[in-house]
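Here the sequence shown is numbered in this note's numbering, starting from 63 and rising by one per residue.
Data first, discussion second: the structure below is written as structure tokens.
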Amino acid sequence: MDKFIKMHGQKGLSLVELMVAMVISLFLSAGVFAMFSMSATNVTTTSHFNQLQENGRIALALMERDVSQLGFMADMTGEPLSLGVNTRITAAAIPAGNDCVGAGANNASLPNNTAANFRRIWGYEQGGTESLACLSNVITGTDVLQIKRLSGPSVVNPNEQTSYYLGANQNEAVIFSGNQVTPVIANGRYWKYLHHVYYIQEDNGVPQLRRRVLKTGGMNTTASVEQLVDGVENMRILYGFDTNSDRSADSFMPAENVSSLMWDGAPLQRLVAVRIFLLLRTIEQDPSYTNKANYRLGDKIIEVDDHFRRKVVSTTVVLENPIIIGGRTRQ
């Protein structure tokens, strides 16, 4: 028998050898699995951070450019738009139920004939005492921002059917719609007129920065809603006022602390800057990550306890156009 084994050689593995091979294989498999799991986690983390960074960049870029130009009214910038004095409206009236009418005596999309300054900016925190009837399902505890301005450059043929325009020279302004005959204004130019409202609303469980835009016929329509950036969970706006005429903000305050006179341009209360804080959230949760943290948005703290990654982005926007004070321009 020994001779037979020597002639043909030993075939197969012994039990001990088999067990050793299995143990080695298990260690190798565990290592490969750990490396794969770590790689997948890193990919998810990197993807989420990139998502937050990109969404935050886009959201701030959209708002910063818009807000910086608020109050721009071409040759009438800094002057009160007073119906029957230096302003007339030939466009059809916007039905009250279809407009975004803010607080104050003169804060609709288009100026009215009340003896009050036409507000170019206004805001509030959802869930407080103020609201806009044109908005629904705004996330409680988030800010809403309303601005009005002209969009440059001036246009030669103001005939976009769903838009409003303002034609102006140094003495008068005429507001009309693109589906009308363009009014003749001596030495005047024509600009697209914008009324924007920024707010946050959920879309299938995902918070989203949205904007209402003025169209002919109003703002309370499906066509007036622009879905801007997914994952914007909260927005806080602080308003900076100059109280000593040095053209820089001496204090920043939330909308609830801004008085009606300050919105309308009270003496020695010039609005010169706006701070925008956005809390970004990933679209999807990461079950391997627990986020139990506090996030500061200006004067407000947001507490969370879930599996979403978040990031706060902010910017301070210096307002480029003069604000009306007591019916006069203050540079």
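Just so it is clear, CB atoms sit at the ideal spot from N, CA and C, and this is done for glycine as well.
Checklist entry - For Leu-207, does the three-state DSSP call read helix, strand or coil? => result Within the sequence shown, the letter at position 145 stands for residue 207. Reduced to three states, the DSSP call for Leu-207 is strand.
Next on the checklist: What would DSSP say about Glu-346, mapped onto helix, strand or coil?
Outcome noted: On the sequence shown, residue 346 is found 284 positions in, with the first residue counted as 1. Reduced to three states, the DSSP call for Glu-346 is coil.
Checklist entry - DSSP puts Thr-269 in a beta bridge; with which residues? => result Within the sequence shown, residue 269 is the residue found at index 207, counting from 1. The identity of residue 269 in the sequence shown is Pro, whereas the question assumes Thr. Answer is Glu-264.
Next on the checklist: I need the straight-line Cα distance from Leu-197 to Arg-182, nearest angstrom please.
Outcome noted: Position 135 of the sequence shown, counting from 1, holds the residue named residue 197. Position 120 of the sequence shown, counting from 1, holds the residue named residue 182. Using only the alpha carbons, I get a separation of about 19 Å.
Checklist entry - Which residue or residues does DSSP assign as beta-bridge partners of Thr-139? => result Here residue 139 refers to the residue found at position 77 of the sequence shown. Bridge partners of Thr-139: none, in fact.
Checklist entry - Of the residues Thr-106, Ser-216, Phe-303, which one's Cα is nearest the Cα of Val-380? => result Mapped onto the sequence shown, residue 380 falls at position 318. When each option's Cα is compared against that of Val-380, the closest is Phe-303.
Next on the checklist: Which residue marks the beginning of the beta strand (DSSP E) containing Ser-376, and which one marks its end?
Outcome noted: The residue you call residue 376 lines up with position 314 of the sequence shown. Note, Ser-376: beta strand (DSSP E), 372 to 380.
Next on the checklist: Taking the beta carbon of Met-81 as the centre, do at least 16 other beta carbons fall within 10 Å, making it buried, or is it exposed?
Outcome noted: Position 19 of the sequence shown holds residue 81. Exposed.
Checklist entry - Under the rule that 16 or more other beta-carbon atoms within 10 Å means buried, what is Pro-173, buried or exposed? => result Stepping through the sequence shown from its first residue, residue 173 is reached at position 111. Classification for Pro-173: buried.
Checklist entry - Nearest CA to the CA of Val-57: which residue from Tyr-261, Ala-355, Leu-341? => result Examination of residue 57 is not possible in this model, given that the chain is present from 63 through 393 alone.
Checklist entry - CA-CA distance, Val-336 and Ala-92? => result One-based indexing of the sequence shown puts residue 336 at position 274. One-based indexing of the sequence shown puts residue 92 at position 30. Rounded to the nearest angstrom, the two C-alpha atoms are 54 Å apart.
Next on the checklist: Can you check which of these residues, Gly-164, Val-78, Ala-317, Pro-269, is closest to Met-281 by C-alpha distance?
Outcome noted: Residue mapping note: residue 281 aligns to position 219 of the sequence shown, counting from 1. The residue among Gly-164, Val-78, Ala-317, Pro-269 with its C-alpha nearest the C-alpha of Met-281 is Gly-164.
Checklist entry - Based on Cα-Cα distance, which residue from Ala-158, Ile-156, Asn-160, Asn-179 lies nearest to Gly-166? => result For the purposes of this step, residue 166 is taken as residue 104 along the sequence shown, with counting starting at 1. Comparing Cα-Cα distances from Gly-166 to each of Ala-158, Ile-156, Asn-160, Asn-179, the minimum goes to Asn-179.
Checklist entry - Taking C-beta to C-beta, are Thr-204 and Ile-262 nearer than 8 Å? => result Translated into the one-based positions of the sequence shown, residue 204 becomes position 142. Translated into the one-based positions of the sequence shown, residue 262 becomes position 200. For Thr-204 and Ile-262, yes; Cβs fall inside 8 Å.
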